[in-house]
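Residue 157 in my numbering sits at position 157 of the sequence shown; the count goes up by one each step and never skips.
C-beta: ideal position from N, C-alpha, C; glycine also.
Structure first, commentary second.
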Amino acid sequence: MNLLPGEFGTIDTMIGFPNPDQAHYVPPNVRGDRSGREHAAAYLFSDTPAKRSGADDGANSGADDASAETDPQARAIASTLAAMDANGVQVGLVSMMSPMAVPAAKTHPDRFVLATHIDPNGGMDAVRRIRDDAATHNIRAVSLFPAGTEPQTPPSAAQSYAIFATCAELSLPVFVNVGIPGPRVPAVAQQVHHLDQICYDFPELVVVMRHGGEPWAELAVKLMLKWPGLHYSTSAFAPKHYPQAILDFADRRGSDQVLYGGYYPYGLELDRIFNELRQLPLREETWPKFLRTNAARILGIS
């Protein structure tokens with residue numbers, strides 16, 4: 001299908017802001033560079049936007065915010081908005097790990113919604129943070145990186161259960177990294193099978209798998225067939241590398257459970273993503289669900 005920018009008002013379930021001081025979150029247990037200036041999984045990407053770009057990019061992109069000419073934070077936000085506008089992305093889900101996230105959602109509430117990133121090892125402090133962020137910032141989701149905590153916290157670990165219970169109570173979806181992690185940390189905490197127990201114990205909870213789930217993509221499909229509250233986001237994968245099992249599922253029985261997620265500016269340009277999306281052989285009726293409707297329902301976006 002020949003996608004047209006803006007045709008569906010795409011919702012990107014993983015987007016961020018260029019930051020010259022930190023490429024991306026660096027897990028405390030990672031092997032290698034801990035400075036944060038190098039993407040912890042840069043070896044997976046031939047040419048990352050974060051490596052090339054700084055917060056100065058997009059300063060003259062035509063953004064309405066005049067302060068973007070002098071304020072580095074405003075320039076970073078303007079850069080992301082320019083990339084979104086060029087590719088028909090209407091709304092982006094941004095992590096509050098970024099110092100630009102809250103200001104962006106405040107100044108552009110129609111373009112950005114917030115997610116709180118949680119380390120379950122925080123215990124009740126983590127629970128209180130979810131509640132506080134829900135009340136103060138109207139967060140739309142919570143995210144977990146099971147392999148990126150120290151100690152690691154698989155979804156089925158006891159530490160994670162207070163987080164899932166709180167999200168179920170507050171009707172907040174949980175985005176969970178699954179599959180072999182890009183950063184050089186052990187992978188056992190992100191095996192897809194952990195989510196089977198979570199979906200059993202919290203049937204009302206919406207869980208969204210992030211970052212591919214490989215090499216367990218076929219198991220991810222089996223679990224989504226089993227659990228209607230389990231979903232899949234395509235974040236951190238170029239469309240030409242989407243697992244075939246996921247594409248087949250999205251185009252048939254799983255059309256309500258697969259949603260688009262990008263990876264700008266961490267590893268992929270939006271221009272590249274949308275150029276490759278145009279090559280996917282999805283049915284016409286699948287596109288609006290994949291690019292917008294499913295995420296809108298999960299995140300409460302009208």
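DSSP three-state assignment for residue i, whether helix, strand or coil
i, result
"G92", "strand"
"S156", "coil"
"Y242", "coil"
"Y266", "coil"
"I314", "Because the chain is modelled from 1 through 302, residue 314 falls outside the range shown and cannot be assessed."
"H137", "helix"
"D251", "coil"
"V30", "coil"
"V188", "helix"
"G182", "coil"
"T169", "The amino acid at residue 169 is misidentified as Thr; the sequence shows Glu. Helix."
"M97", "coil"
"L277", "helix"
"G6", "coil"
"G122", "helix"
"R283", "coil"
"G300", "coil"
For residue i: DSSP bridge partner residues
i, result
"A209", "Per the sequence presented here, residue 209 reads as Met, with Ala not at that position. Paired residues: V176 and Y232."
"S143", "H117 and F175"
"L259", "S233"
"F112", "G92"
Inter-residue CB distance, residue i and residue j (contact presumed, cutoff 8 Å)
i, j, result
"P183", "P27", "5 Å"
"Q159", "A189", "Incorrect: roughly 11 Å between the Cβ atoms, too far for contact."
"A115", "V142", "7 Å"
"L219", "V185", "Not confirmed; about 21 Å, so no contact."
"S233", "R210", "5 Å"
"A250", "T286", "6 Å"
"A157", "A187", "The pair is not a contact, with the Cβ atoms about 15 Å apart (cut-off 8 Å)."
"I301", "I11", "6 Å"
Residue span of the beta strand (DSSP E) that contains residue i, given as start and end
i, result
"T305", "Lying outside 1 to 302, the shown extent of the chain, residue 305 is not represented and no answer is given."
Residue i and residue j closer than 8 Å at C-beta
i, j, result
"K240", "E276", "yes"
"L259", "F290", "yes"
"I304", "G262", "This structure gives no information on residue 304, because the portion of the chain shown stretches from 1 to 302."
"P243", "G212", "yes"
"I139", "A126", "no"
"A134", "L170", "yes"
"W216", "G179", "yes"
"L205", "F164", "yes"
"L144", "N177", "yes"
"R292", "G9", "yes"
"M96", "V102", "yes"
"M14", "S255", "no"
"H194", "V208", "no"
"L270", "A83", "yes"
"G16", "Y266", "yes"
"T166", "I130", "yes"
"E214", "N29", "no"
"F112", "A168", "no"
Host alpha helix (DSSP H) of residue i (start-end)
i, result
"A105", "A101 to T107"
"V221", "A217 to K226"
"L291", "Neither: L291 is in no alpha helix (DSSP H) and is coded neither H nor E."
"D196", "H194 to D201"
"M84", "P72 to A86"
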